[in-house]
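Here is the structure we will look at.
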Amino acid sequence: MSGVVQGFTVIFIVIAVGYVLGRTEVLGPDAQQVLARLVFFVFTPALLFDSLATTDISVIFSSTLVIAGGSALLIGLAYFVLARLVLHREIPEATIGALASSYVNSANLGIPIAIFVLDDASFVAPLLLFQIMIYSPIALTALDLTALRDAPGRITLRDTVIAPLTNPIVLGGAAGLVISLAGWRLPHAVAEPISMLGNASVPGALLAFGLSLTGVSVLRKGESPRRDVALASVLKMIAQPLLVFALSYWLFGERGHHLFAQVVIASLPTAQNVLVYATRYRRGEVLARDTALVTTVASIPVIAIVALLLA
């Protein structure tokens, strides 16, 4: 459990720094918007490029990829359908909510938890690859096609093809994957600045999250879409871990430490990157913010219960 405490301590301290910066207005009134765009357009693409370019892809393709990826897609799809049919949300808000209900905080919290609790960071790698190369492109393409259109109209085939090709996060991940598959190694003078920029992605996203909390009340009546947040939080913190347990236990026959690891990773909270995406597209920002905070707090007892039952 000490690993869980360490992981959450790190994340809360950086968020608190962002909150203090917002309260003191040291960075100006537009700091959160500027920092979120910097994370979206520069830091995160660099991180994805650097991570995938230096990763042995053969290690990633395992049952964990199927379990983590499949569960995320199913939970996200469940939210999207409920948001559209029951809550009557527009596609951009439903897409952000789908991400909030299933997009795992696999980098800034998942890696420390994997190292300190699971004693093996490789459990997070398949999920990172899935979220980078499959889940993000699907969601960001949907947002590109629905949230950024200047005028209403039919989505053309050209729009569908071009949208992912102009998204910096998708491009960064794809370029890194190509480098890894080809077995190339970039010159140190090129790789080092990319790595430096990528290292700023996680703290940048956390700081942006802290800045977003300034002057707001989480789950505030009339401002926060409480039903949406509740649905996303329940799916993320209850349905996703249970689904991963079912898939791991009955479909793949996993037991012991592997089963424990799969469920712990699924019990991680919503990634702060969802707020970065929401800020970029100016849709579902409060939903992303409130769900990230609620699931981050809720994940502490959830992971503790998983540890007591399965560790």
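The sequence shown begins at 1 in the UniProt record's numbering and counts up one residue at a time.
In this text, a Cβ means the ideal position worked out from N, Cα and C, and glycines have one as well.
Practice prompt. Taking Ala36 as part of the alpha helix (DSSP H), name the residues at either end of that continuous run.
Written response: 31-38
message: Using the three-state DSSP reduction, which class does Tyr270 fall into: helix, strand or coil?
response: What sits at residue 270 in the sequence shown is Thr, not Tyr. Note: Thr270 maps to strand in three-state DSSP.
Exercise. Whole-angstrom Cβ separation of Gly172 and Ala46, contact assumed at under 8 Å?
Worked result: 6 Å
Check: For Met237, which residues of its own chain have a beta-carbon under 6 Å away from its beta-carbon, when the five flanking residues on both sides are left out?
Finding: Thr295, Ala298, Val302
Point to revise | Selected residue, minimal CA-CA separation from Leu129, among Arg89, Arg185, Asp56 | key: Asp56
Secondary structure of Val170, DSSP reduced to three states: helix
Gly222, enclosing alpha helix (DSSP H) - first and last residue
From DSSP, Gly222 is part of no alpha helix (DSSP H); its letter is neither H nor E.
### Message
Strictly by DSSP, which residues pair up with Val104?
### Response
Thr270
_By the three-class DSSP mapping on this structure, what secondary structure does Ala208 have?_
The answer is helix: DSSP assigns Ala208 an H, G or I state.
Just the Cα atoms here: how many angstroms apart are Glu223 and Leu186?
Roughly 48 Å between the two C-alpha positions.
Using a 10 Å radius around the Cβ and a threshold of 16 neighbouring Cβ atoms, would you call Asp30 buried or exposed? exposed
Which same chain residues, not among the five before or five after Arg84, have their C-beta less than 6 Å away from its C-beta? By the criterion of a C-beta distance shorter than 6 Å, Arg84 is surrounded in its chain by Ala94, once the five residues flanking it on both sides are discounted.
Self-check item: Asp290 - containing alpha helix (DSSP H), residue span
Solution: 285-310
Original post:
In three-state terms, what does DSSP make of Glu254?
Top reply: coil
### Message
According to DSSP, is Ala189 part of a helix, a strand, or is it coil?
### Response
helix
Spatial neighbours of Leu293 within its chain, please: C-beta separation below 7 Å, excluding the five flanking residues on both sides. Closer than 7 Å at Cβ, skipping near neighbours: Val218.
Proximity below 9 Å, CB of Gly70 to CB of Leu247: Cβ atoms of Gly70 and Leu247: closer than 9 Å.
Nearest neighbour of Ser267, chosen from Ala200, Ser212, Tyr103 [CA to CA]
Tyr103
key: Run of the alpha helix (DSSP H) containing Tyr79, from where it starts to where it stops   = 63-85
I need the straight-line Cα distance from Leu259 to Trp250, nearest angstrom please. If I take the Cα positions, the gap works out to 11 Å.
Check: Roughly how many angstroms lie between the CA atoms of Leu308 and Ala72, to the nearest whole one?
Finding: 24 Å
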